[in-house]
């Protein structure tokens, strides 16, 4: 099974185009409701992307933020704030929860002291997949300090995405 989450509407169009070509296994992708981001309200037909391949959006040497889905935007905002404090941040878009881009994960661990995964899920989501990979691959035996940022494992009332994030803390 392929599980993906686009960071914006262009990526959503690309993932729909990718899914259209997959006929040997199930595919799912998630995108939260809300305003358009990244397309400037234009129509995009989408281009297929490589399955299981994330991408680095900005490079820094101190901290790596690995966003999944719409949380990539928050990672870019955090980078902007941290850069004002002199902290150089790499921001990467995971794109896929399954299969994970293990080469990207290894690269982020190799090149940074701190790695934070950021997602809209809770226990059992993207961060849990990353933790399982890190444990089996021995990444946690090295010098990397990794933490997930996830939503609490409880019910959050219906509201706008921003209101739900505020409720979640």
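In the numbering used here, the protein residues as written are 5 to 173.
Ideal placement from N, C-alpha and C gives every residue a C-beta, glycine not left out.
As the structure is a prediction and not an experimental result, all values here were calculated from the model.
Taking only three categories from DSSP, how would you classify residue i?
i	result
residue 97	strand
residue 16	helix
residue 151	strand
residue 139	helix
residue 59	strand
residue 79	helix
residue 132	helix
residue 145	helix
Drop a sphere of 10 angstroms on the beta-carbon of residue i, count the other beta-carbons inside from all chains shown, and report buried for 16 or more, exposed for fewer.
i	result
residue 159	exposed
residue 5	exposed
residue 85	exposed
residue 58	buried
residue 116	buried
residue 165	exposed
residue 89	exposed
residue 109	buried
residue 74	buried
residue 107	exposed
residue 113	buried
Starting from residue i, trace the alpha helix (DSSP H) in both directions and tell me its first and last residue.
i	result
residue 174	The question about residue 174 has no answer, for the chain in this structure spans 5 to 173.
residue 172	165 to 172
Can you name, in chain order, every residue of its own chain whose Cβ lies under 6 Å from the Cβ of residue i, other than the five neighbours on each side?
i	result
residue 168	160
residue 95	61, 62, 69, 79, 80 and 83
residue 134	121
residue 34	9
residue 52	21, 22 and 25
residue 144	138
residue 65	92
residue 150	119
For residue i, which residues in the same chain have their Cβ closer than 7 Å to its Cβ, ignoring the five residues on either side in sequence?
i	result
residue 130	72, 98, 101, 121 and 123
residue 126	154, 155, 156 and 157
residue 29	5 and 6
So the beta strand (DSSP E) residue i belongs to, where does it begin and stop?
i	result
residue 71	67 to 71
residue 32	31 to 33
Ignore the nearest five residues each way along the sequence and tell me which others in residue i's own chain have a CB closer than 8 Å to its CB.
i	result
residue 77	11, 12, 41 and 71
residue 55	6, 22, 26, 100 and 103
residue 37	165
residue 163	171
For the segment 83 to 130, list the beta strand (DSSP E) runs that are entirely contained and at least 3 residues long, ordered along the chain. 93 to 97, 100 to 102 and 118 to 122
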